[in-house]
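Peer 1: I'd like to ask some things about the structure below.
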Ligand SMILES: Nc1ncnc2c1ncn2[C@@H]1O[C@H](COP(=O)(O)OP(=O)(O)OP(=O)(O)O)[C@@H](O)[C@H]1O
Ligand SMILES: [Zn+2]
């Protein structure tokens, strides 16, 4: 029966809420507020989990923490501080990653409701999936500055977190970043994601935010050329700590020789001004009188000031590299040395390509994608999480809302009726089947042949995924392994994802492959009770017949057409049609003014009009101020 039928009164809902055990994932900005709300709501039992320790920068808004708590586990301190608000509530605090296998489906099933107060897409998607599998309602929330949102997720009733695709962090074509920058952000990405890691990183290829795409010969040639330049830089890196002229050599290579080579590439400068080569002797002379590298970070530095800051930051970082040669250094916007390096090197490159330069302060915002975290927004959103949770306990699907908080003149809140699940969502449009097995006797071959093909009528084209692929028709290496050998143990209730097609008889039409592909099957592998089970087989099939439905025909919608158009952009379009600087910041951080939050999906899409939701993950960070 549907979880959300049989509406009950508000008083009864509060009672049920107070009798339940709830899970709170994340003890950060929203988590601290939410923990307080749950205690004040008098719920019976709370489990709070967070993997992190308290940072000084958390104190301005995570009000359960004080200065003397810095470096202690967030979940534990939050529990200890908040317990005094209501000693009657039982709180269990766990310092761990929610993705650990011990937090499996059966562990999730002990909770009446789950609250997500997370800051990254990966963990959010994981909890979403586990809640869907365990059939536990999830209240998902997030904030970005003044914007925030709350989404209720109930399997089969509402959209899940993955029903609307999330926008991935913005990546730039490698040629734009390395050869043809046209905006300040290109120079900043170059400095942060190419120049810095090549010179001071852990020697691994680290082109975060740069996409290596080449679709024609000229681009391939240019990328090969860039690879050669990178190798030269790697050699210079080795001389950083030993050669007293290392700075001069690096500067000469990056701002003179590499630029001169670019200027000579035929056709590259037909429609734009070629870059200017920088002269180290000239700049060195002009910068000679500058004594202190500590310049005002709010003002735009002159060319020689940038030169001087770059020189001094390379010297400082080289000293540090002596002690961290093997693991290398990493960029941190709050680390003055790395920030100086990125600001100065980006500005020098911008000058060379005739692009506007920026203050170190502005570059810090762009490099760190900082949006200030606002305590009030967190508090309001945490309050709304409880309000929506109560509606879940009322079993009132008509009243359930996805709520948005936005900085608008007419109204601050905006609620929208929840949407039905997206039938094409790979995460929630699944069939769930439990399969008790003897892990030590059951072979992968048994699973594929005897269950998937003989019983469930999959064709040869069936694939089995754990986290990675463990079987498909071209990968039979694990065929004779037991499930236990493959790390599918009795305790973990591993969920395997089965993708595949239905077997068709010869006379059936098989030309349209879409007609035969099936919705994903999530196969929950449980331990078989050997005492009770008397059968000889290493598995026990459910008594009822299982039918895995075919994937439905996709709906045609206007937004599909829009997406298709966006997707068909060739590399040349990407080269030429770069958004304006403001657009880039919007794309990287939030899609638009009224699409809030650091990670929850955009909730406004109706079942026919779906748009990508805002970016979440690593790229969106909040201010530590
Ligand atoms: N996989 C995970 N398992 C458990 N907790 C997680 C996981 N991923 C993130 N978290 C926690 O979720 C919380 C999110 O809180 P918040 O968005 O306020 O971020 P923050 O790290 O506290 O602050 P900021 O990023 O602004 O410095 C953090 O405390 C973080 O440790
Ligand atoms: Zn979904």
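In the UniProt record's numbering, the protein residues as written are 1 to 625.
Built from N, CA and C at the ideal position, the CB exists for glycine as well.
Remember, predicted model here, so these are calculated numbers, not experimental data.
Which residue comes first and which comes last in the alpha helix (DSSP H) that contains residue 176?
Peer 2: Per DSSP, residue 176 belongs to the alpha helix (DSSP H) from 174-178.
Peer 1: Could you tell me which uninterrupted alpha helix (DSSP H) segments, each at least 4 residues in length, are contained entirely in the segment 34-82, listed from first to last along the chain?
Peer 2: Whole alpha helix (DSSP H) segments, 4+ residues: zero.
Peer 1: So residue 628 and residue 482 are supposed to be a Cβ contact under 8 angstroms. How far apart are they, rounded?
Peer 2: Given a span of 1 to 625 for the chain in the structure shown, any question on residue 628 remains unanswerable.
Peer 1: Output the distance between the C-alpha atoms of residue 75 and residue 55, rounded to the nearest integer angstrom.
Peer 2: If I take the Cα positions, the gap works out to 13 angstroms.
Peer 1: With a threshold of 16 other CB atoms inside 10 Å of the CB of residue 464, please say whether the residue is buried or exposed.
Peer 2: Classification for residue 464: buried.
Peer 1: So, helix, strand or coil for residue 30, using DSSP?
Peer 2: Helix at residue 30.
Peer 1: Put residue 205 into one of helix, strand or coil per three-state DSSP.
Peer 2: For residue 205, the predicted structure reports a pLDDT of 46, less than 50, and the residue's modelled location is therefore unreliable. A value from the coordinates is still provided. Residue 205: coil per DSSP, three-state reduction.
Peer 1: For residue 298, which of helix, strand or coil comes out of DSSP?
Peer 2: Residue state, collapsed to three classes: coil.
Peer 1: For the beta strand (DSSP E) containing residue 116, name the first residue and the last one.
Peer 2: From DSSP, the beta strand (DSSP E) with residue 116 extends over 113-116.
Peer 1: Count the other CB atoms within 10 Å of the CB of residue 40; is the residue buried (16 or more) or exposed (fewer)?
Peer 2: Classification of residue 40: exposed, given that the 10 Å Cβ count is below 16.
Peer 1: May I have the straight-line CA-CA distance separating residue 321 from residue 329, to the nearest angstrom?
Peer 2: Their Cα atoms are separated by approximately 7 angstroms.
Peer 1: Which residues does DSSP pair with residue 193 in a beta bridge?
Peer 2: None; residue 193 has no bridge partner.
Peer 1: Do residue 389 and residue 30 come within 7 angstroms of each other at the CB atom, strictly closer than that value?
Peer 2: Their beta carbons are not under 7 angstroms apart, which means residue 30 does not touch residue 389 by this criterion.
Peer 1: What's the C-alpha gap between residue 44 and residue 20?
Peer 2: Each residue's alpha carbon lies about 6 angstroms from the other.
Peer 1: Which one of 478, 523, 394 and 121 has the shortest CA to CA distance from residue 494?
Peer 2: The shortest Cα separation from residue 494 among 478, 523, 394 and 121 belongs to 523.
Peer 1: Which residues share a DSSP beta bridge with residue 432?
Peer 2: DSSP, once it has assigned bridges, lists 522 as partnering residue 432.
Peer 1: Is it buried or exposed, residue 369, if we count other Cβ atoms within 10 angstroms and call 16 or more buried?
Peer 2: Residue 369 comes out buried.
Peer 1: Hey, could you find the ends of the alpha helix (DSSP H) residue 394 is sitting in?
Peer 2: Looking at the DSSP string, residue 394 is not in any alpha helix (DSSP H), and its letter there is neither H nor E.
Peer 1: Nearest CA to the CA of residue 23: which residue from 109, 6 and 62?
Peer 2: Answer by Cα proximity: 109.
Peer 1: Would you kindly work out how many angstroms separate the C-alpha atoms of residue 174 and residue 255, rounded to a whole number?
Peer 2: Between residue 174 and residue 255, the C-alpha separation is close to 18 angstroms.
Peer 1: List the endpoints of the continuous alpha helix (DSSP H) containing residue 364.
Peer 2: Here the alpha helix (DSSP H) through residue 364 covers 360-368.
Peer 1: So the beta strand (DSSP E) residue 414 belongs to, where does it begin and stop?
Peer 2: Where residue 414 is concerned, the enclosing beta strand (DSSP E) stretches over 413-417.
Peer 1: Counting C-beta neighbours from all protein chains within 10 Å, is the total for residue 589 16 or more, i.e. buried, or is it exposed?
Peer 2: Its pLDDT being 23, under 50, residue 589 is placed unreliably in this model, and the coordinates cannot settle the point.
Peer 1: Just to confirm my understanding: we take residue 98, look at its own chain, exclude 5 residues before and 5 after, and list those with CB closer than 7 angstroms. What are they?
Peer 2: Closer than 7 angstroms at Cβ, skipping near neighbours: 25, 49, 123, 126 and 127.
Peer 1: Short of 8 angstroms in beta carbon distance, which residues of its chain neighbour residue 361, apart from the five on each side in sequence? Order them along the chain.
Peer 2: Answer for residue 361: 297 and 298, listed in chain order.
Peer 1: Under a criterion of Cβ closer than 5 angstroms to any non-hydrogen atom of ligand 2, which residues qualify, in chain order?
Peer 2: Those residues are 160, 162, 163, 425, 427 and 428, given in chain order.
Peer 1: Does the Cβ of residue 119 lie closer than 6 angstroms to at least one heavy atom of ligand 1?
Peer 2: Yes; taking the cut-off as 6 angstroms, the Cβ of residue 119 has a heavy atom of ligand 1 nearer than that.
Peer 1: When you measure from the CB of residue 98 to every non-hydrogen atom of ligand 1, does any distance come out below 6 angstroms?
Peer 2: Under cutoff, so the answer is yes.
Peer 1: Would you say residue 338 faces chain C, with C-beta separation under 7 angstroms as the test?
Peer 2: Protein chains in the displayed structure number just one, and chain C is not present.
Peer 1: Can you find at least 3 beta carbon pairs, one from the segment 407-417 and one from the segment 456-463, that sit closer than 8 angstroms?
Peer 2: They do not touch, by the three-pair rule.
Peer 1: Which same chain residues, not among the five before or five after residue 337, have their C-beta less than 6 angstroms away from its C-beta?
Peer 2: Closer than 6 angstroms at Cβ, skipping near neighbours: 313, 316 and 317.
Peer 1: Nearest to residue 303 by CA position, among 331, 268, 262 and 349, is which residue?
Peer 2: The option with the nearest alpha carbon to residue 303 is 349.
Peer 1: Here's the rule: buried if 16 or more other CB atoms are within 10 angstroms of the residue's CB, otherwise exposed. What is residue 142?
Peer 2: Residue 142 is buried by the Cβ-count criterion.
Peer 1: Could you pull the DSSP bridge partners for residue 386 from this structure?
Peer 2: Beta-bridge pairing links residue 386 to no other residue.
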